[in-house]
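To start, the structure itself, in structure tokens.
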Amino acid sequence: MDNYIVTERDIAEKLRLDAFAARAFEISRSRAQELISEGLITVNGKKCEKKLLLSVGDVIEIELPEIRELEAVPQNIPIDIVYEDDYLLVVDKPRGMVVHPAAGNPDNTLVNALLYHCRGRLSSINGVIRPGIVHRIDKDTSGLLIVAKTDEAHQGLAEQIAVHSFVRKYEAIVGGHLRESEGTVCAPIGRHKTDRKKMAVTEHNSKPATTHWSVVAESKEYSHLELTLETGRTHQIRVHMAYIGHPVAGDTVYGSVRYRLGMEGQCLFAKYISFVHPITGETMTFEAARPAYFSDALRRAGL
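Just so we're aligned, residue -9 is where the sequence shown starts under the working numbering, counting upward by one.
This is the structure:
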């Protein structure tokens, strides 16, 4: 059980219990409210309402429930395999599929499908929940993903990503018009200060992030972009485009209701990858066909 004693500085901000607990224990505000209602966050040993205003000297205690260890199991789920050999495979992940099991998505993920297809023969570097996963794309981002079957292949691919020789290109629809025909966003990304489920451009506990973009076409309210990742931070394109005032259309986390195009989920897909095969040394290049949902969104955006 963790505890925190309220100080004069804390009181100056006049925080409610839920907001205070979210910040003090680095959890989302909604998660703090759930724990308060369950009596797992208390004030001076007593269960309280989430809207309680705290006083100096109050002792806030949190007791997190035991986390059930997840286990990825093989599931016979169809997947689109673009390329495969004894060391790796390239998959075209559909929109709506989560890459690996996590809280809220314990199964029906790409990893479950891969375990079935590869009969368990996947690299072990990322543990039992993320076997074979070298890099990830978001649930509602479709497109190309490389999976390693052996630890040697995984290590070789990871090294290419680390030195930025692994090429990843995306297409996106964003709101508004960019001033130039191409450009670069170079801004560090880390966890959002108050919402731990989100990322943000920040200097606090962040890592360098660089995204290159170029304009493919423009309509009255939207721009069609091609983007190249130099780094691969969580939600990088979505965070960077929102940061410069051109959020990805349909993005319900970082975007604007003005640019939804009738979609729930970002208009973004991973269309191109190029890398050196970590075993054979051959340069491998793949390009995915534009998915139907993205083509429909382009028409709705007038692009």
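Note that the Cβ used here is the ideal one computed from N, Cα and C, for glycine as well. All figures in this text were calculated on a predicted structure; none of them were measured in a lab.
Going by DSSP in three states, residue i sits in which element: helix, strand or coil?
i: Ile179; result: strand
i: Asp141; result: helix
i: Asp130; result: coil
i: Arg289; result: helix
i: Phe265; result: strand
i: Val(-4); result: coil
i: Leu258; result: strand
i: Ile57; result: Caution applies to Ile57, whose pLDDT of 48 falls short of 50 and renders its modelled position unreliable; the value that the coordinates give is listed next. Residue state, collapsed to three classes: coil.
i: Arg6; result: strand
i: Glu172; result: strand
i: Leu43; result: strand
i: Gln65; result: coil
i: Tyr283; result: helix
Between which residues of its own chain and residue i is the CB-CB distance below 7 Å, once the five residues before and five after are set aside?
i: Ser113; result: Pro121, Gly122, Ala138, Lys139, Thr140, Asp141, Ala143, His144
i: Ala12; result: Ser18, Arg19, Ala22, Thr184
i: Glu277; result: Lys261, Tyr262
i: Arg181; result: Met189, Asn195
i: Ile234; result: Val175
i: His167; result: Glu208, Ser213
i: Ile(-5); result: Gly47, Val49
i: Ala177; result: Val191, Ala199, His230, Tyr233
i: Ile119; result: Leu60, Ala62, His90, Pro91
i: Asn95; result: Val88
i: Leu5; result: Leu44
For the beta strand (DSSP E) holding residue i, just list the boundary residues, first then last.
i: Phe276; result: 273 to 277
i: Ile163; result: 157 to 165
Which residues in the same chain have their Cβ closer than 6 Å to the Cβ of residue i, if we skip the five residues on either side of it in sequence?
i: Asp286; result: none
i: Lys37; result: Gly29
i: Thr218; result: Lys159, His202
i: Thr32; result: Glu51
i: Pro268; result: Ala143, Gly146, Leu147
i: Met253; result: Gly240
i: Gly255; result: Asp130, Gly240
i: Ser204; result: Glu172, Glu216
i: Asn116; result: Ile123
i: Asp75; result: none
i: Ile57; result: In this prediction, Ile57 scores a pLDDT of 48, lower than 50, which makes its location untrustworthy; no coordinate-derived value is stated.
i: Pro84; result: Ser132
i: Gln150; result: Phe156, Phe265
Bridge partners of residue i, per DSSP?
i: Asp70; result: Asp82
i: Lys37; result: Thr32
i: Val49; result: Ile(-5)
i: Ile136; result: Val80
Please report the residue range of the alpha helix (DSSP H) in which residue i lies.
i: Ser18; result: No alpha helix (DSSP H) contains Ser18, which DSSP labels as neither H nor E.
Which residues in the same chain have their Cβ closer than 8 Å to the Cβ of residue i, if we skip the five residues on either side of it in sequence?
i: Asp8; result: Arg19, Ala22, Gln23, Ile26, Lys40, Lys41
i: Ala232; result: Val238, Asp241, Tyr244, Gly245
i: His107; result: Ile69, Ile71
i: Leu105; result: Ala62, Val63, Pro64, Gln65, Leu112, Pro121
i: Ile227; result: Tyr160, Ala162, Thr201, Leu217, Leu219, Val238, Leu258
In chain order, which continuous runs of the alpha helix (DSSP H) of length 4 or greater are located wholly inside the region 177 to 256? 226 to 233
Fully enclosed by the region 76 to 124, which alpha helix (DSSP H) runs are 4 residues long or longer? 100 to 107
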